[in-house]
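Take a look at the structure set out below.
In our numbering, the protein residues as written are 2 to 220.
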């Protein structure tokens, strides 16, 4: 552990052998993930830690939410339902797709040219793997960790992909994971549905997303 009196801690990430850097300072995340970042940051995933709201989630009959989710309330809601429980002490990690596990290449097509252009582009490139995103290396290292745990203890870490992709865009996502050799336990293609009810059901330890709206709803 390093105490730096408020100076930039990123200079020590390589020395610590860091795989995942979490911080409340947005500029530090940008520095580590920048395309122009020094080689000392290569292979290091970074993400911004958001504050958790103290308000309780209120699920409406139509599935919408009137407020945001607090971690302790997610567990309470899950326990009151007549469904199977997640194993005790299991670490569940949720990744968004484009801009997180994958690069934002396809996302930029959608933002700049619209949904139909995105669908056409993904159809034409369905057999071409997406470029790596900022969490790619971390996800592969998680996989190695699970392999090291062995089959009897593999359950201790469970991974999820929760993405707005749907329809024709699914094929490229599956092809990308296959070419990377990356096994994700659960993959959810939501097609624009609100992610928060799914996150409530998953009750993750950590959730990576590049869209502030999704993060704010899931707090």
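Yeah, the Cβ is synthetic: ideal placement off N, Cα and C, and Gly gets one too.
Looking from the CA of residue 31, the closest CA among 17, 144, 46, 121 belongs to 46.
DSSP places residue 30 in the uninterrupted alpha helix (DSSP H) bounded by 27-34. The DSSP assignment places complete beta strand (DSSP E) segments of no fewer than 3 residues inside the segment 102-167 at 158-164, in order along the chain.
Beta bridge pairing from DSSP links residue 208 with 95. In this structure, residue 151 lies away from residue 101, with their beta-carbon atoms at least 8 Å apart. If you draw a straight line from the Cα of residue 176 to the Cα of residue 131, it comes to about 9 Å.
Annotation for residue 23: the continuous beta strand (DSSP E) segment containing it runs 21-24. Sorting 212, 103, 119, 120 by C-alpha distance to the C-alpha of residue 162 places 103 at the top.
Under the 10 Å beta carbon count, residue 9 is surrounded by fewer than 16 other beta carbons and is classified as exposed. Counting the other Cβ atoms within 10 Å of the Cβ of residue 123 gives 16 or more, which makes it buried. In this structure, residue 158 places its C-beta atom within 8 Å of the C-beta atom of residue 143.
Rounded to the nearest whole angstrom, the C-alpha separation of residue 210 and residue 216 is 7 Å. Take the alpha-carbon of residue 49 and the one of residue 11: they are about 14 Å apart. Around the C-beta of residue 114, fewer than 16 other C-beta atoms lie within 10 Å, and the residue is accordingly described as exposed. When rounded, the separation of the alpha-carbon atoms in residue 206 and residue 126 is 34 Å. Residue 49 carries a strand assignment under DSSP once its states are collapsed to helix, strand and coil. Residue 98 holds the alpha-carbon nearest to the alpha-carbon of residue 170 among 24, 98, 196. In the structure shown, residue 197 falls within a helical segment according to DSSP collapsed to helix, strand and coil. Considering only 220, 91, 121, 154, the residue with the shortest C-alpha distance to residue 172 is 121.
Contact between residue 190 and residue 164 is confirmed by a C-beta separation of about 6 Å, below the 8 Å threshold. Annotation for residue 188: the continuous beta strand (DSSP E) segment containing it runs 187-190. Excluding residues up to 5 positions away in sequence, 176 lie with their Cβ nearer than 7 Å to the Cβ of residue 128 in the same chain. About 5 Å separates the beta carbons of residue 218 and residue 197, which is inside the 8 Å limit, making them a contact pair.
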